[in-house]
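Worksheet: one structure, shown below.
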Amino acid sequence: MNSKNLTTTILLAMLFGGILGGILNLFFMEISFVKDFLVGDVFHVIGKIFINLLKMLVVPLVFVSLVCGVAALGDIKKLGRLGGKALLFYLGTTALAITLALSLAVIVAPGEGFNLSSTTDQEFTAKESPSIAETIINLIPNNPIEAMAEGQMLPLIVFSILFGIAIVMAGESGRRIEQQFNDYNAIIMQIVMIVIMFAPIGVFCLIAKTFALQGFEVFKPLMSYFMVVVAALLIHALVSYSILIKLLSGLNVWRFFKKMRGVQIFAFSTASSNATIPINIENAENKLGVDNSVASFTIPLGATINMDGTAIMQGVATVFIANVYGIDLGLVDYLLVILTATLASVGTAGVPGVGLIMLAMVLNQVGLPVEGIALIIGVDRLLDMMRTAVNVTGDAAATVIIAKSEGNLDRNVYNN
Ligand code: ASP
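See below:
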């Protein structure tokens, strides 16, 4: 199957999965065969296998691909420049995203007149979020094998970059090892291709399971919150990124979004930027024409520190919770929310549901009750899927813009 057909098949799998899941939820979840066997066993097992296949690739791919990328750059100054640009773009777009979300939420005012008793009686206890000092110290792994075994992305990125730099500095020995790493890279990319072949079935099961389990009832009292988040996500993804790509790189925006569809579906169905790293790198290199030296660096970094979609949810959630509890937020509070959510996005791991945990940090910062999170948990799974799609789109947008500015983007591949 060629890649265009495959993307269409994945899209159809997502659609049918959603429809089937919705129908099961409405009419058949009372039947134990459907609930326990079909949804609880079949969809669950196949979906989990698919996610595990993706996750299995993340650590070896990031390590090998980043080592190859840095070694191919052959120039530490260029690496520093890439890092600087990526950081600027990632923090800048996150601040923009949350500003947009806050503005929209203040205008629409979701949660005003909200009846607290009409929602779920779920409890939420906030987990400790890591302090900024701790986050900085933890950038350097105590033990690179431990960082790999535990899938800690930032320490892994730091170790891989050092390894790549050392290859450049090690002369003849370095060149021999670089050659080997290039071979490993080619092989791991082949595994990525094999996993992508399995995607239609995996996506179908994941989406069918989520929709079968997610009752539509939970949405009713939270409709205004849900809609504001979705609107802000759409505006940021379609308008902000389009303007940035056009202005900063002059590339065709339509092509970018067309080629991102497959990656967005992966992000949507797995709700994990991390699990989407292999697909995002493959897409950036093979379809968007970005050189490995840029994509292997900006995409894993983005999956770890760039969470525009998550910041949007946090902005709207803050306003929503303030409205529900009747607490007024002032300008200083809003500025604090922008700052904390931008930093929280750096500390948010690219795995399902973490955005909600980091929201506790934002709420604390402006003195809002953290229990408010319990109100929005019910609809968070679907929003998590959507915001993850936005998160990975941001990583890819930064990647093409930075690659273009560094002369590492093949226009023929991009426009093909
Ligand atoms: N699931 C999101 C991601 O992986 C993080 C979050 O917002 O919970 O990008």
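Residue 181 in our numbering sits at position 186 of the sequence shown, and the numbers go up by one each step.
Yeah, the Cβ is synthetic: ideal placement off N, Cα and C, and Gly gets one too.
- Task: Output yes or no for whether 8 Å exceeds the beta carbon distance between Gln309 and Ala336.
- Result: As a working mapping, residue 309 is identified with position 314 in the sequence shown. As a working mapping, residue 336 is identified with position 341 in the sequence shown. Yes, Cβ-Cβ distance for Gln309 and Ala336 is below 8 Å.
- Coarse secondary structure for Leu134, derived from DSSP in three states: For this step, residue 134 is matched to residue 139 along the sequence shown. Leu134 carries a coil assignment under DSSP once its states are collapsed to helix, strand and coil.
- 4-residue-minimum alpha helix (DSSP H) runs that sit fully inside the stretch 295 to 360, ordered along the chain: 303 to 319, 326 to 342, 349 to 360
- Item | Sequence-distant residues of the same chain with beta carbon closer than 7 Å to Ala90, five excluded per side | As a first step, residue 90 is located in the sequence shown; it is residue number 95 there, counting from the start. Around Ala90: Ile333, Thr337.
- Tell me whether Pro136 counts as near ligand 1, meaning its Cβ is closer than 7 Å to at least one heavy atom of that ligand. As a first step, residue 136 is located in the sequence shown; it is residue number 141 there, counting from the start. No, ligand 1 has no heavy atom inside 7 Å of this Cβ.
- Query: Does at least one heavy atom of ligand 1 sit under 7 Å from the Cβ of Pro273?
  - Reply: The count along the sequence shown starts at 1 and reaches residue 273 at position 278. Outside the cutoff, so no.
- Note the first and the last residue of the continuous alpha helix (DSSP H) segment covering Glu141. Within the sequence shown, numbered from 1, the residue matching residue 141 stands at position 146. 139 to 144 is the extent of the alpha helix (DSSP H) around Glu141.
- Do Asn386 and Asp303 have their C-beta atoms closer together than 8 Å? Position 391 of the sequence shown, counted from the start, is the residue given in the question as residue 386. Position 308 of the sequence shown, counted from the start, is the residue given in the question as residue 303. Contact check for Asn386 against Asp303 passes: the beta carbons are separated by less than 8 Å.
- Name the residue from Ala100, Thr4, Phe261, Leu283 whose alpha carbon lies nearest to the alpha carbon of Val248. Working through the sequence shown from its first residue, we reach residue 248 at position 253. With distances taken between Cα atoms, Val248 lies closest to Leu283.
- Message: Let me check you understand the geometry: is the CB of Pro295 closer than 7 Å to at least one non-hydrogen atom of ligand 1?
- Response: Translated into the one-based positions of the sequence shown, residue 295 becomes position 300. Taking the Cβ of Pro295 as the reference point, every heavy atom of ligand 1 lies at 7 Å or farther away.
- Task: Let me know if Gln174 comes out buried or exposed under the rule of 16 or more other beta-carbons within 10 Å of its beta-carbon.
- Result: Stepping through the sequence shown from its first residue, residue 174 is reached at position 179. So Gln174 counts as exposed.
- Task: Can you list the residues near ligand 1, meaning Cβ strictly closer than 6 Å to any non-hydrogen atom, in the order they appear in the chain?
- Result: Answer in sequence order: Ala266, Ser267, Ser268, Met302, Thr305, Thr343, Gly345, Val346, Pro347, Gly348, Val349, Gly350, Asp379, Arg382, Thr383, Asn386.
- Item | C-alpha distance - Ala232 paired with Met143, whole-angstrom precision | Position 237 of the sequence shown, counted from the start, is the residue given in the question as residue 232. Position 148 of the sequence shown, counted from the start, is the residue given in the question as residue 143. For Ala232 and Met143, the distance between alpha carbons rounds to 32 Å.
- Task: Measure the beta-carbon distance from Leu77 to Val289 and round it to whole angstroms, keeping in mind my assumption that it falls under 8 Å.
- Result: Residue numbering aside, residue 77 sits at position 82 when the sequence shown is read from its first letter. Residue numbering aside, residue 289 sits at position 294 when the sequence shown is read from its first letter. That pair is a contact at about 7 Å.
- Query: If you drop the 5 nearest sequence neighbours on each side, which residues of the same chain put their C-beta closer than 8 Å to that of Asn318?
  - Reply: Taking the sequence shown and counting its residues from 1, the one referred to as residue 318 is at position 323. Excluding residues within five positions, the ones whose Cβ falls inside 8 Å are Ala104, Pro105, Gly106, Glu107, Phe109.
- Query: With respect to the alpha helix (DSSP H) encompassing Ile26, which residues constitute its N-terminal and C-terminal limits?
  - Reply: By one-based count along the sequence shown, residue 26 stands at place 31. No alpha helix (DSSP H) contains Ile26, which DSSP labels as neither H nor E.
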